[in-house]
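K.L.:
Following this message is one structure expressed as C-alpha cells.
In this note's numbering, the protein residues as written are 44 to 189.
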C-alpha cells in the first residue's frame, strides 16, 4: 500500500525511460526565478549557472526536504551520541541493537521510522502533533494519546 524508496525510484526511472524524458530533465539545478509571461503564454525560468529557460509547463519538484532545519535544542551541544538529520543520513552508522530517537514524524520519518524499527534495539519517536497519512481507524491511537 505504501511504496518504499526503491519502489518509488524504480517507478520514476521507468517513467523517464518510457517517455524518453532523460534529455529534458535537469537535476541539482537551482531555479532562482520563475515568471509567467502572459503575452508569450510560457514560463521564463532563471537557472543558476545556465541562464534563462522557457517552458509551456513548469513542474516545481524542488525537493525541499533535502535542506536540514535543526531547531536549537537547549543542551544539544552536550549530547555525546551520534546525531544526524534525515536529509543528511549517515549510512556509516549501524543502528542494529541501538537506542534510537527520532524527533519529528512527518514525510521523511514516515519513510525511515518503519525501517529503523526493524533493526534498532529500541526506537522512540517524539512528535509535536499527529501526522496522518490515512484517517485514524476506530480504536486506534488518537491525537493526544500517549
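Think of the CB as a built atom: it goes at the ideal place given N, C-alpha and C, for glycine as much as any other residue.
From a predicted model like this one, the values you see are computed outputs, not experimental measurements.
I'd like to know whether the C-beta atoms of residue 138 and residue 156 end up nearer to each other than 8 Å.
P.N.:
no
K.L.:
By the three-class DSSP mapping on this structure, what secondary structure does residue 73 have?
P.N.:
coil
K.L.:
If you run the structure through DSSP and keep just helix, strand and coil, what is residue 67?
P.N.:
helix
K.L.:
Could you give the DSSP three-state label for residue 80: helix, strand or coil?
P.N.:
strand
K.L.:
Between the segment 163–176 and the segment 125–144, do at least 3 Cβ pairs fall closer than 8 Å?
P.N.:
Yes: the two stretches touch, three or more of their Cβ pairs being nearer than 8 Å.
K.L.:
Does the beta carbon of residue 155 come closer than 8 Å to any beta carbon on chain C?
P.N.:
Among the chains in the structure shown there is no chain C, since it carries only a single protein chain.
K.L.:
Which residue marks the beginning of the alpha helix (DSSP H) containing residue 167, and which one marks its end?
P.N.:
Counting along the chain, residue 167 falls outside any alpha helix (DSSP H), though it belongs to the beta strand (DSSP E) covering 165–169.
K.L.:
Tell me which residues share the same chain as residue 69 and place their Cβ nearer than 6 Å to its Cβ, disregarding the 5 neighbours each side in the sequence.
P.N.:
none
K.L.:
Cutting at 6 Å between CB atoms, please list the residues of its own chain near residue 152, excluding the five before and the five after it.
P.N.:
145
K.L.:
Residue 85 and residue 95 - do their beta-carbons sit closer together than 8 Å?
P.N.:
Against a cut-off of 8 Å, the Cβ pair of residue 85 and residue 95 comes out as no contact.
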